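Asker: Residue numbers for the sequence shown follow full-length UniProt numbering, so the first one is 1 and each next one is one higher.
Glycine included, C-beta positions come from ideal geometry on N, C-alpha and C.
Just so we're clear, the structure is a prediction, and the values are computed from it rather than from any experiment.
I have a structure here, written as structure tokens, and I will follow up with some questions on it.
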Amino acid sequence: MTKTVRLTMAQAVTRFLSRQMTEIDGKKVQIFGGVWAIFGHGNVAGIGEALYQVRDDLPTFRAHNEQAMAHAAIAYAKANFRRRFMAATSSIGPGALNMVTAAALAHVNRLPVLFLPGDVFANRLPDPVLQQAEDFSDGTATVNDCFRAVSRYFDRITRPEQIIPALNRAMQVLTDPAECGPVTLSLCQDVQAEAYDYPESFFAERVWTPRRVRPDRQELAAAVAALKGAKKPLVIAGGGVLYSQASRELAKLVQGAGIPVCETQGGKSSLPDDHPLNMAAVGVTGTSAANRLAEEADVVLAVGTRLQDFTTGSWALFKNSGRTIIGLNSQPFDAGKHWALPLVADAAEGLSELTAALKGWKAPAAWTDNALKGKTDWQADAGKVTASTNAAYPSDAQVIGAVQRTMGASVTLLHAAGGLPGELHKLWQAGAPGSYHAEYGFSTMGYEIAGGLGVKMAKPDEEVVVMIGDGSYLMLNSEIATSVMLGLKLVIVLLDNRGYGCINRLQMATGGANFNNLLKDSRHEILPDIDFAAHAASLGAISEKVTSIAGLETALGQAKQNSRTTVLVIDTDPLVSTDAGGHWWDVAVPEVSSRREVNAARKKYEEALSERQA
Numbered sequence: 001m002t003k004t005v006r007l008t009m010a011q012a013v014t015r016f017l018s019r020q021m022t023e024i025d026g027k028k029v030q031i032f033g034g035v036w037a038i039f040g041h042g043n044v045a046g047i048g049e050a051l052y053q054v055r056d057d058l059p060t061f062r063a064h065n066e067q068a069m070a071h072a073a074i075a076y077a078k079a080n081f082r083r084r085f086m087a088a089t090s091s092i093g094p095g096a097l098n099m100v101t102a103a104a105l106a107h108v109n110r111l112p113v114l115f116l117p118g119d120v121f122a123n124r125l126p127d128p129v130l131q132q133a134e135d136f137s138d139g140t141a142t143v144n145d146c147f148r149a150v151s152r153y154f155d156r157i158t159r160p161e162q163i164i165p166a167l168n169r170a171m172q173v174l175t176d177p178a179e180c181g182p183v184t185l186s187l188c189q190d191v192q193a194e195a196y197d198y199p200e201s202f203f204a205e206r207v208w209t210p211r212r213v214r215p216d217r218q219e220l221a222a223a224v225a226a227l228k229g230a231k232k233p234l235v236i237a238g239g240g241v242l243y244s245q246a247s248r249e250l251a252k253l254v255q256g257a258g259i260p261v262c263e264t265q266g267g268k269s270s271l272p273d274d275h276p277l278n279m280a281a282v283g284v285t286g287t288s289a290a291n292r293l294a295e296e297a298d299v300v301l302a303v304g305t306r307l308q309d310f311t312t313g314s315w316a317l318f319k320n321s322g323r324t325i326i327g328l329n330s331q332p333f334d335a336g337k338h339w340a341l342p343l344v345a346d347a348a349e350g351l352s353e354l355t356a357a358l359k360g361w362k363a364p365a366a367w368t369d370n371a372l373k374g375k376t377d378w379q380a381d382a383g384k385v386t387a388s389t390n391a392a393y394p395s396d397a398q399v400i401g402a403v404q405r406t407m408g409a410s411v412t413l414l415h416a417a418g419g420l421p422g423e424l425h426k427l428w429q430a431g432a433p434g435s436y437h438a439e440y441g442f443s444t445m446g447y448e449i450a451g452g453l454g455v456k457m458a459k460p461d462e463e464v465v466v467m468i469g470d471g472s473y474l475m476l477n478s479e480i481a482t483s484v485m486l487g488l489k490l491v492i493v494l495l496d497n498r499g500y501g502c503i504n505r506l507q508m509a510t511g512g513a514n515f516n517n518l519l520k521d522s523r524h525e526i527l528p529d530i531d532f533a534a535h536a537a538s539l540g541a542i543s544e545k546v547t548s549i550a551g552l553e554t555a556l557g558q559a560k561q562n563s564r565t566t567v568l569v570i571d572t573d574p575l576v577s578t579d580a581g582g583h584w585w586d587v588a589v590p591e592v593s594s595r596r597e598v599n600a601a602r603k604k605y606e607e608a609l610s611e612r613q614a
């Protein structure tokens, strides 16, 4: 007879999560690093009580904002190369919906996180419950249905035994390289408290290890033939290289064959910046070295990238009409994009088999030498824009230079939306794999500080540097207090350009008037004079407003010695960005306007469209 244990549904969930394991460097560890929780009436009596019971085995962390705690969980998973992850639970209503943006972020970036939002009563008797949004035509709909579009797997638990198949399916998705992404189990609050006789076998310890799919023989043969016929081959390294931990295999392939490499935002740090064949960033925010090669390449091996528009310059970057794209990806959807030759495989396995099959073959020396010269030229350009300055309002690039010189390449750098991703993608000199952490798949303002907290939880012994603009800071800064509370030190560099400088520049580039982006161009009676240093100090951080690049470097040196989160604020120029490198990006300009600047921008836009190759 099957042995059972009587538990509430919520207790069964938390016990199950605490028994899921993985292996890292030969050591068995829990696959869930913990649960982020903000309690309300929809989860405190169920999941809240259950988490208390397992608090020594499955730690619970308290945050100040549901979106932020989910960002921290997602960043933790990314910093762990998807090998470990976290869960996040909230009450129903606004608490749950606050996490939907984070769910979309995880979905776009193919990152694992388990959402456990509370939901309405399955028995419907208290209908409508507090925070329930009633649908006049559908009695089964709740606000948690918003998670469906941004979850890889969604389930609403209306009976306690339903978690047995649901949690198994959740683990399959969270650990699958191809299907990886957010999972939402919507937990009806009355069912959280209902008891059931669960089989003890359901709680048996289970070890989950990454699936490493090897390539199909025919697909491999086609990819090898294309590469051997290439005169100008190029590798684009995406985030899949890092998630597969395939940096060594990538280096072996390109060194043996003399193929230059460029990196997406998600793939940056696949190779160290000082690797001679690493041309660094590609695409809209790319280096001149990488983009020049991409324009000429006849065979492009795209490894672990979804080839979105910033990587491909809205598909105008690849100008060789006879080009072939090879899509090496664990997800067939991504592997076959834009008529690519698909090579469906784990990145490490696929690269290893390509290396073996290409043994003895090398790209033409002239192509490799041309790439090396281009890198040297780019490094000279980058050195100029990141050099120190006495300007009252330095550029973002000059601030980046100061952080790089003072902190070095051994730190983990984190950033997200705004102007910084473009400058950092080009200019930051990354070191070890995973040391460059960008959230640019969904470009989520407010990710930075919470994400930095998640990275620090994954890498407690490393220095984590967060670079953030004033716009993002004002959107979501509360987890500074959480970092102080948990003793997880961050170094936060806040660049204050007094508004949304990046979008203001885009507005100007498309012929628009300066309108509603910089604070001075927004409707106002009094311009705000925000004391960011004082605000950060009020949350418990060490903080300082610096007035020069030299002052920033001195303050960064002190920040290394500080024992808790440090916020350094510097004013920057909102109108300056790096001209070197970069590429056109498809941002539609109005066909009709009363502004001559818009009409001129439209003419240039149409010219660019005519040159794009489908």
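Answer with buried or exposed for Ala280, where buried requires no fewer than 16 other C-beta atoms within 10 angstroms of its C-beta.
Answerer: Indexing the sequence shown from 1 puts residue 280 at position 280. By the 10 Å Cβ count, Ala280 comes out buried.
Asker: Thinking C-alpha only, which one of Ala225, Ala335, Val284 is nearest Asp298?
Answerer: Along the sequence shown, read from residue 1 onward, the residue named residue 298 stands at position 298. Nearest C-alpha to Asp298: Ala225.
Asker: Ala348 and Glu249 look like a contact to me (Cβ under 8 angstroms); what is the Cβ gap, rounded to whole Å?
Answerer: Translated into the one-based positions of the sequence shown, residue 348 becomes position 348. Translated into the one-based positions of the sequence shown, residue 249 becomes position 249. Ala348 to Glu249, Cβ: 5 angstroms. Contact.
Asker: Can you check which of these residues, Phe154, Met508, Ile236, Val261, is closest to Gln308 by C-alpha distance?
Answerer: By one-based count along the sequence shown, residue 308 stands at place 308. Checked all of Phe154, Met508, Ile236, Val261; the closest Cα to Gln308 is Ile236.
Asker: With distances taken between CB atoms, is the gap from Glu479 to His64 smaller than 8 angstroms?
Answerer: Residue 479 sits at position 479 when you count from the first residue of the sequence shown. Residue 64 sits at position 64 when you count from the first residue of the sequence shown. Yes. Within cutoff.
Asker: Pick from Arg306, Tyr76, Arg62: whose alpha carbon is nearest that of Leu486?
Answerer: By one-based count along the sequence shown, residue 486 stands at place 486. Selected option, being the one with the closest Cα: Arg62.
Asker: Are three or more beta carbon pairs between the segment 574-593 and the segment 416-423 nearer than 8 angstroms?
Answerer: Enough Cβ pairs lie closer than 8 angstroms, so yes.
Asker: Quick one: using the 10 Å Cβ neighbour count with 16 as the cut-off for buried, is His437 buried or exposed?
Answerer: Taking the sequence shown and counting its residues from 1, the one referred to as residue 437 is at position 437. Answer is buried; the Cβ neighbour count reaches 16.
Asker: Output the boundary residues of the beta strand (DSSP E) element that contains Val592.
Answerer: Counting from one through the sequence shown, the residue named residue 592 turns up at place 592. Where Val592 is concerned, there is no enclosing beta strand (DSSP E), given that its DSSP letter is neither H nor E.
Asker: By Cβ distance, which residues of its chain are closer than 7 angstroms to Phe81, with the 5 residues on each side in sequence left out?
Answerer: If you number the sequence shown from 1, residue 81 lands on position 81. For Phe81, where only same-chain residues beyond five positions count, the Cβ hits under 7 angstroms are Leu242, Tyr243, Gln245, Gly434.
Asker: Per DSSP, which residues does Leu427 bridge with? Please list them.
Answerer: Taking the first residue of the sequence shown as 1, we reach residue 427 at position 427. In DSSP, Leu427 forms no bridge with anything.
Asker: Buried or exposed: Val183, going by 16 or more other Cβ atoms within 10 Å of its Cβ?
Answerer: Taking the sequence shown and counting its residues from 1, one reaches residue 183 at position 183. Val183 comes out buried.
Asker: Quick check: the segment 390-401 against the segment 258-265, are at least 3 beta-carbon pairs closer than 8 angstroms?
Answerer: Not touching, per the Cβ criterion.
Asker: Which runs of the alpha helix (DSSP H) spanning at least 4 residues fall entirely within the segment 4-85, listed in chain order?
Answerer: Listed in chain order, they are 9-18, 49-53, 66-79.
Asker: Grab the span of the beta strand (DSSP E) containing Ala380 for me, first residue to last.
Answerer: What you label residue 380 is simply residue 380 of the sequence shown in a count that begins at 1. No beta strand (DSSP E) holds Ala380; the alpha helix (DSSP H) holding it covers 365-386.
Asker: Among Ala75, Phe16, Gly469, which residue has its Cα nearest to the Cα of Phe85?
Answerer: The count along the sequence shown starts at 1 and reaches residue 85 at position 85. The shortest Cα separation from Phe85 among Ala75, Phe16, Gly469 belongs to Ala75.
Asker: When DSSP labels each residue in this structure, what does Leu495 get in the three-state scheme?
Answerer: As a first step, residue 495 is located in the sequence shown; it is residue number 495 there, counting from the start. Strand, per DSSP.
Asker: Give the DSSP bridge partners of Pro528, in chain order.
Answerer: To locate residue 528, count along the sequence shown from 1; it is residue 528. Looking at the DSSP assignment, Pro528 forms no beta bridge with any residue, so it has no partner.
Asker: Which same chain residues, not among the five before or five after Gly431, have their C-beta less than 6 angstroms away from its C-beta?
Answerer: One-based indexing of the sequence shown puts residue 431 at position 431. Pro272, Ala409, Ser410.
Asker: Do you know whose CA, among Gly286, Val344, Arg498, lies nearest Ala178's CA?
Answerer: Here residue 178 refers to the residue found at position 178 of the sequence shown. It is Val344 whose Cα lies nearest to the Cα of Ala178.
Asker: Counting pairs of Cβ atoms below 8 angstroms between the segment 558-565 and the segment 501-509, do you hit three or more?
Answerer: Touching, no, given that fewer than three Cβ pairs across the two stretches are closer than 8 angstroms.
Asker: DSSP three-state label for Tyr243, please.
Answerer: Here residue 243 refers to the residue found at position 243 when the sequence shown is read from its first residue. It is helical.
Asker: Between which two residues does the alpha helix (DSSP H) carrying Leu293 extend?
Answerer: Taking the sequence shown and counting its residues from 1, one reaches residue 293 at position 293. Where Leu293 is concerned, the enclosing alpha helix (DSSP H) stretches over 288-296.
Asker: With three or more C-beta pairs closer than 8 angstroms as the rule, is the segment 459-476 touching the segment 399-418?
Answerer: Yes: at least three Cβ pairs fall under 8 angstroms.
Asker: Taking a contact to mean a Cβ-Cβ separation below 8 angstroms, would you say Asp119 touches Ser186 in this structure?
Answerer: Walking along the sequence shown from the start, residue 119 turns up at place 119. Walking along the sequence shown from the start, residue 186 turns up at place 186. The answer is yes: Cβ separation under 8 angstroms.
Asker: Please look up how many angstroms separate the CB atoms of Ile325 and Leu351, rounded, as I've assumed it's under 8 angstroms.
Answerer: Here residue 325 refers to the residue found at position 325 when the sequence shown is read from its first residue. Here residue 351 refers to the residue found at position 351 when the sequence shown is read from its first residue. Their Cβ separation, rounded to whole angstroms, is 16 angstroms, which puts Ile325 and Leu351 out of contact at 8 angstroms.
Asker: Along the chain, which unbroken stretches of the beta strand (DSSP E) at least 3 residues long are found entirely within the segment 168-237?
Answerer: DSSP runs (the beta strand (DSSP E)) wholly in the segment 168-237: 182-188, 195-199, 233-237.
Asker: Using only CA atoms, which one of Pro590, Val546, Ala133 lies nearest to Glu570?
Answerer: Taking the first residue of the sequence shown as position 1, residue 570 is located at position 570. What sits at residue 570 in the sequence shown is Ile, not Glu. When each option's Cα is compared against that of Ile570, the closest is Val546.
Asker: Looking at Leu568 and Ala552, is the spacing between their C-beta atoms short of 8 angstroms?
Answerer: Within the sequence shown, the letter at position 552 stands for residue 552. Within the sequence shown, the letter at position 568 stands for residue 568. The residue asked about is misnamed: residue 552 is Leu in this sequence, not Ala. Cβ distance < 8 angstroms, so Leu552 and Leu568 count as in contact.
Asker: On the three-state DSSP scale, how would you describe Arg505?
Answerer: Here residue 505 corresponds to residue number 505 of the sequence shown, with the count starting at 1. Three-state result, Arg505: helix.
Asker: To the nearest angstrom, how far is the alpha carbon of Thr22 from that of Ala366?
Answerer: Taking the sequence shown and counting its residues from 1, one reaches residue 22 at position 22. Taking the sequence shown and counting its residues from 1, one reaches residue 366 at position 366. Thr22 and Ala366: Cα-Cα distance of roughly 46 angstroms.
Asker: Quick one: is Val300 buried, meaning 16 or more other Cβ sit within 10 Å of its Cβ, or exposed?
Answerer: Numbered from 1 along the sequence shown, position 300 holds the residue referred to as residue 300. Val300 is buried by the Cβ-count criterion.
Asker: Compute the Euclidean distance between the alpha carbons of Asp334 and Glu205, then round it to the nearest angstrom.
Answerer: Stepping through the sequence shown from its first residue, residue 334 is reached at position 334. Stepping through the sequence shown from its first residue, residue 205 is reached at position 205. Going from the Cα of Asp334 to the Cα of Glu205 covers about 34 angstroms.
Asker: Rounded to whole angstroms, what's the CA-CA distance from Tyr605 to Leu220? Just pull it up for me.
Answerer: Position 605 of the sequence shown, counting from 1, holds the residue named residue 605. Position 220 of the sequence shown, counting from 1, holds the residue named residue 220. If you take the alpha carbons of Tyr605 and Leu220, they lie about 39 angstroms apart.
Asker: Tell me where the alpha helix (DSSP H) around Glu553 begins and ends.
Answerer: Here residue 553 corresponds to residue number 553 of the sequence shown, with the count starting at 1. Element bounds for Glu553: 549-561.
Asker: Would you tell me roughly how many angstroms separate the C-alpha atoms of Gly441 and Glu525, rounded to the nearest one?
Answerer: Counting from one through the sequence shown, the residue named residue 441 turns up at place 441. Counting from one through the sequence shown, the residue named residue 525 turns up at place 525. The straight-line gap from Cα to Cα measures roughly 36 angstroms.
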